[in-house]
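> Would you mind keeping the following structure in view while I ask a few things?
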Amino acid sequence: MRGARASRRVVTRSHVVHRACGLFLRHGTVDMDALAQDLAVSRATLYRVVGSRDGLLADVLWELGDHLLDRARRRRTGTGVDGVLEITRYFVTALRGSAPFRDFLRAEPETARRLLTGGLVHRRAVLAQRSILLEAGERDRLWPRSGIDDLAYLYVRVVESALYAELLSNRRPDLGLAERTARAVLRQTP
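Numbering of the sequence shown is given in the working numbering, commencing with residue 34 and proceeding in unit increments.
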């Protein structure tokens with residue numbers, strides 16, 4: 034047909050992230066060529082939508098982690114400090130048990146360290162932890178709102194030190210030590 038424009042495939046960032054999550058779960062990484070092919074778009078279009086592979090990986094890691102965190106929150110049976118620790122215990126156990134996540138940590142340790150402990154994933158984790166603390170502490174007024182951001186940050190750093198021990202210091206994770214430390218952080222005097 035004369036004058037008709039070739040149809041262009043339009044993809045949204047959320048659609049790309051969704052498909053990238055599927056690739057990550059199957060392969061423990063996100064290959065941009067494979068993702069572009071899966072979406073039937075060019076690499077240029079893919080990068081125009083997501084900006085960078087790191088940005089996309091951060092979104093994928095957060096999306097998958099956030100689903101685990103939501104599941105952990107729904108399964109919580111305890112309240113207060115014990116409830117917060119119960120959420121963390123479930124989350125850490127599920128994440129460490131994830132073969133795709135372990136594969137990613139092993140295959141791309143520098144990328145994992147950068148994204149998980151210093152970037153967008155870390156900032157989102159702190160915000161999520163803030164919400165968990167507010168929710169858990171509401172009834173009993175466990176923590177003052179004025180210090181909740183610092184408490185969430187410290188708590189996440191303690192959990193990260195165990196969860197990513199191999200990436201940060203070539204140490205084996207000591208989840209017992211991390212839980213005792215996290216409990217001490219939560220029981221701090223305001």
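A virtual CB, placed ideally from N, CA and C, is assigned to each residue, including glycine.
My parser needs the alpha helix (DSSP H) runs of 4 or more residues fully inside the region 133 to 199; what are they?
Entirely contained in the region 133 to 199, the alpha helix (DSSP H) runs reaching 4 residues are, in chain order, 142 to 151, 153 to 170, 181 to 196.
> Grab the span of the alpha helix (DSSP H) containing G88 for me, first residue to last.
Mapped onto the sequence shown, residue 88 falls at position 55. It spans 86 to 108 - the alpha helix (DSSP H) in which G88 sits, taken as one unbroken run.
> Between which two residues does the alpha helix (DSSP H) containing G55 stretch?
By one-based count along the sequence shown, residue 55 stands at place 22. Residues 46 to 60.
> Exposed or buried, which one is H155 when buried takes at least 16 other CB atoms within 10 Å?
The residue given as residue 155 occupies position 122 in the sequence shown. With 16 or more Cβ atoms within 10 Å of its Cβ, H155 is classed as buried.
> Short check: CB of L79 to CB of V49, under 8 Å?
Counted from its first residue, the sequence shown places residue 79 at position 46. Counted from its first residue, the sequence shown places residue 49 at position 16. Yes, the pair counts as a contact, with Cβ atoms nearer than the cut-off.
> Please list the terminal residues of the continuous alpha helix (DSSP H) segment that includes V114.
Here residue 114 refers to the residue found at position 81 of the sequence shown. Note, V114: alpha helix (DSSP H), 113 to 129.
> Using a Cβ-Cβ cutoff of less than 7 Å, which residues in the same chain neighbour I120 once the five nearest sequence positions on both sides are dropped?
As a working note, residue 120 is residue 87 in the sequence shown. Result list for I120: A105, R106, R109, I165, in chain order.
> On the three-state DSSP scale, how would you describe D64?
For this step, residue 64 is matched to residue 31 along the sequence shown. Coil.
> Measure the Cβ-Cβ separation of D207 and A195 and say whether it is below 8 Å.
As a first step, residue 207 is located in the sequence shown; it is residue number 174 there, counting from the start. As a first step, residue 195 is located in the sequence shown; it is residue number 162 there, counting from the start. Yes. Within cutoff.
> Are three or more beta carbon pairs between the region 130 to 142 and the region 184 to 191 nearer than 8 Å?
Cβ pair count under 8 Å is below three, so no.
> What's the C-alpha gap between L229 and A77?
Residue 229 lies beyond the residue range present for the chain, which begins at 34 and ends at 223; the question has no answer from this structure.
> Please name the residue in R213, H100, E96 whose C-alpha comes closest to that of L153.
Taking the sequence shown and counting its residues from 1, one reaches residue 153 at position 120. That would be E96, whose Cα lies nearest to the Cα of L153.
> In angstroms with no decimal places, state the Cα-to-Cα distance between V74 and D66.
Taking the first residue of the sequence shown as position 1, residue 74 is located at position 41. Taking the first residue of the sequence shown as position 1, residue 66 is located at position 33. C-alpha separation (whole angstroms): 10 Å.
> Thinking C-alpha only, which one of S85, V114, L89, L200 is nearest R8?
The structure shown does not extend to residue 8, since the chain spans only 34 to 223, so no value can be given for it.
> Return the residue from the list G151, L101, A217 that minimises the CA-CA distance to L200.
For this step, residue 200 is matched to residue 167 along the sequence shown. Ranking G151, L101, A217 by Cα distance to L200 puts G151 first.
> Under 8 Å, do L102 and L149 count as touching if we go by C-beta distance?
Along the sequence shown, one-based indexing puts residue 102 at 69. Along the sequence shown, one-based indexing puts residue 149 at 116. The answer is no: Cβ separation not under 8 Å.
> Could you give the distance in angstroms between the alpha-carbon of S131 and the alpha-carbon of S179?
Translated into positions along the sequence shown, residue 131 becomes position 98. Translated into positions along the sequence shown, residue 179 becomes position 146. Computed Cα separation, rounded: 36 Å.
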